[in-house]
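So the structure is just underneath, and the comments pick up after that.
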Amino acid sequence: SGSGAVAAVDLGATSGRVIIGHVGPDTLEATTVGRFANDPVATPDGLHWNLLGLYGAALTGLREAFRVAPAIASIGVDSWAVDYGLLRDGRLVGTPFHYRDARTERGVTAVHECLPHAELYTRNGLQFLPFNTLYQLGAESADLLAFADTALLVPDLIGFWLTGQARAELTNASTTGLVRGGDATWDDELIASLGLPRGIFPALIAPGEGLGALLPEVAASLGAGASAGVTAVGSHDTASAVVAVPMHAESAAYISCGTWGLVGVEVERPVLTGEALAANFTNEGGVDGRTRLLRNVMGLWVLSETVRGWERQGHPIDLPTLLDSASEVDAASVPVFDVDDPRFMPPGDMPARIDAWCAEHGVAAPRTRPEYARSIVESLAQAFADTARQAGGIGGVDVKTIHIVGGGSLNRLLCQRTADRAGLPVLAGPVEATALGNLLVQARAAGFVGGSLESLRDLVARTHRPTRYTPRAD
Ligand code: LRH
7 SGSGAVAAVD LGATSGRVII GHVGPDTLEA TTVGRFANDP VATPDGLHWN
57 LLGLYGAALT GLREAFRVAP AIASIGVDSW AVDYGLLRDG RLVGTPFHYR
107 DARTERGVTA VHECLPHAEL YTRNGLQFLP FNTLYQLGAE SADLLAFADT
157 ALLVPDLIGF WLTGQARAEL TNASTTGLVR GGDATWDDEL IASLGLPRGI
207 FPALIAPGEG LGALLPEVAA SLGAGASAGV TAVGSHDTAS AVVAVPMHAE
257 SAAYISCGTW GLVGVEVERP VLTGEALAAN FTNEGGVDGR TRLLRNVMGL
307 WVLSETVRGW ERQGHPIDLP TLLDSASEVD AASVPVFDVD DPRFMPPGDM
357 PARIDAWCAE HGVAAPRTRP EYARSIVESL AQAFADTARQ AGGIGGVDVK
407 TIHIVGGGSL NRLLCQRTAD RAGLPVLAGP VEATALGNLL VQARAAGFVG
457 GSLESLRDLV ARTHRPTRYT PRAD
């Protein structure tokens with residue numbers, strides 16, 4: 007059977023990639039043509055993303071994509087959630103902040119003085135995370151907000167640079183905290199009561215809708231055909247990843263594991279119960295109007311930031327070797343700490359924070375580098391197992407299988423220990439779920455494949471067989 011070509015730009019917190027997809031009823035082939043680092047930059051006013059650098063690298067990748075596959079019909083862009091750029095007359099005003107920047111604390115205080123979290127939850131259904139866009143806007147200078155005419159989340163900003171069209175894609179807009187859960191509209195009342203200018207939020211657009219044709223000068227610089235355009239996808243990376251989880255949503259939990267571990271289930275509509283609020287679960291917008299009922303678990307960030315710290319101290323680390331020696335450590339000999347403790351959120355010395363956590367909780371801290379690595383993996387696995395079970399309970403899903411997708415699906419120790427601690431089989435992969443979900447939604451819009459999310463997931467399952475980890479008793 008035939009297939010068509012589409013391209014995905016997928017920006018993660020540590021790296022970005024450009025991927026060509028050949029997609030058809032029995033085909034789902036993804037080829038990476040560009041891969042580049044995403045290194046945040048600290049300036050005296052805070053921690054920022056180098057968005058111009060990322061856009062430049064994405065263009066280089068797209069140029070290569072059109073060279074390799076001139077028939078590419080469309081481009082889709084996804085990235086991490088919540089962060090935005092402010093514009094006036096189409097020009098970026100100020101350098102976008104990184105969600106790990108400490109300024110959000112001020113915004114939390116300001117917003118909660120106006121509306122406490124429990125009240126916000128009944129409107130937006132979002133887990134409390136100090137960096138949700140509404141808190142970032144709450145910390146923004148009033149002058150700058152008054153000066154700007156548009157706010158665009160990161161993928162929407164890239165889409166704007168490519169097409170000249172300023173829109174807000176729905177799945178990512180749901181992470182701002184300013185969209186009515188399940189309702190797919192900006193919450194005008196909330197925006198007004200927070201004193202935010204309604205006019206900066208552009209019209210919403212749903213995954214699968216066309217954003218627009220490439221600007222002529224962009225198309226020319228990419229060597230793209232005049233008809234190539236940008237299609238809205240699940241531009242929140244986690245929304246795209248969930249599209250490509252090869253699961254049966256009525257009996258599975260998923261973990262999209264990269265910098266973060268997003269642990270949850272898919273449901274038909276937001277769950278705004280007291281139980282969901284108390285467990286700090288989020289209801290984020292999914293592709294095709296589904297709801298992603300999940301919780302942010304700290305994720306591989308804790309491990310990668312630990313490794314970065316050791317490397318800064320002059321100890322080069324080979325991650326596979328570290329994980330091999332971590333596998334040799336006796337699991338019972340290392341502490342299981344609370345990975346979601348807020349102290350682990352900002353960049354910094356993770357081993358020292360683990361030591362402090364252990365001292366406060368009267369348990370022995372790890373000593374060697376393999377012991378630290380093992381302790382982190384065990385702690386993540388425990389949080390994953392607990393949160394998957396909780397997600398099933400809150401969402402009314404009888405969880406029989408846990409799927410792990412993203413970079414974490416390659417971490418065999420983490421997959422096995424999650425299975426062990428959950429007492430459930432773990433199905434690992436695909437590693438590039440986010441890019442695959444991005445490609446699939448575009449391919450469906452272009453008519454290269456048809457059907458429901460279920461049939462897209464079936465295509466993933468047929469073309470990317472997951473690796474099975476069977477739970478073992480300790
Ligand atoms: C994962 C992710 C997550 C958000 C965080 C900001 O990349 O998009 O879903 O909570 O980044």
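For the sequence shown, the UniProt record's numbering gives the first residue as 7, with consecutive numbering after it.
All residues carry an ideal CB built from backbone N, CA and C; glycine is no exception.
On a predicted model such as this, the values are computed, not experimentally measured, just so you know.
Per-residue burial, residue i [other beta carbons within 10 Å of its own, 16 or more giving buried]
i	result
G398	buried
S415	buried
D45	exposed
V47	exposed
P276	buried
F137	buried
E223	exposed
Q319	exposed
L150	exposed
A358	exposed
V455	buried
H242	buried
residue 481	In the structure as shown, the chain starts at 7 and stops at 480, and residue 481 therefore has no counterpart that could be examined.
D404	exposed
H409	buried
Helix, strand or coil at residue i [DSSP, three-state]
i	result
E290	strand
F72	helix
F343	coil
V455	coil
T237	strand
V308	helix
T128	helix
A11	strand
H242	strand
L221	coil
T112	Contrary to the premise, residue 112 reads as Arg rather than Thr in this sequence. Helix, per DSSP.
R450	helix
L228	helix
H118	helix
R468	helix
R463	helix
D16	strand
Proximity test, residue i beta-carbon vs the ligand LRH heavy atom, cut-off 7 Å
i	result
V88	yes
W266	yes
G18	yes
Y141	no
L135	yes
H54	no
H104	no
T38	no
T182	no
T244	yes
N289	no
N302	yes
*Would you say the segment 469-479 touches the segment 431-441, given that touching needs at least three Cβ pairs under 8 Å?*
yes
Requested in this report: Decide if the segment 292-306 is in contact with the segment 259-268; the criterion is three or more beta carbon pairs, one per stretch, under 8 Å apart.
Outcome: As far as the Cβ criterion goes, the segment 292-306 touches the segment 259-268, which means the pair count is three or higher.
Query raised in the report: What runs of the alpha helix (DSSP H), each 4 residues or longer, lie entirely inside the segment 367-443?
Result: 375-401 and 418-428
- Message: Threshold first: 4 residues or longer. Then list the alpha helix (DSSP H) segments lying entirely within the segment 133-213, N to C.
- Response: 139-144, 148-153, 160-169, 176-179 and 194-199
**Study point:** Length at least 4, wholly inside the segment 31-103: the alpha helix (DSSP H) runs in chain order
**Key:** Within the segment 31-103, the alpha helix (DSSP H) runs of at least 4 residues that lie entirely inside it are, in chain order, 57-74.
If we require 4 or more residues per run, which alpha helix (DSSP H) segments fall completely within the segment 252-306? 280-284
Checklist entry - Do the segment 247-265 and the segment 184-199 meet, that is, are 3 or more Cβ pairs less than 8 Å apart? => result no
At a cut of 8 Å, does the segment 24-31 reach the segment 453-469 through at least three beta carbon pairs?
-> Between the segment 24-31 and the segment 453-469 there are three or more C-beta pairs closer than 8 Å, enough to call the two in contact.
At least 3 beta-carbon pairs within less than 8 Å: the segment 282-293 vs the segment 321-333: no
Review point. Do the segment 125-141 and the segment 97-113 make contact, defined as three or more Cβ pairs closer than 8 Å?
Key: yes
Exercise for review: Run through the segment 314-358 for me and flag every whole alpha helix (DSSP H) of 4 or more residues, listed as ranges in chain order.
Suggested key: 325-334
Cβ contact check for the segment 53-67 and the segment 124-135: 3 or more pairs under 8 Å: no
**Request:** Determine, using beta-carbon pairs with one atom in the segment 204-219 and one in the segment 175-186, whether at least three such pairs fall under 8 Å.
**Result:** yes
- Message: Across the segment 381-400 and the segment 347-354, are there enough close Cβ pairs to call them in contact, namely three or more that are closer than 8 Å?
- Response: no
Practice prompt. Assess, as a yes-or-no matter, whether the segment 86-105 is touched by the segment 148-165 under the definition of 3 or more beta carbon pairs within less than 8 Å.
Written response: In the pairwise beta carbon analysis, the segment 148-165 is classified as touching the segment 86-105: at least three pairs are separated by under 8 Å.
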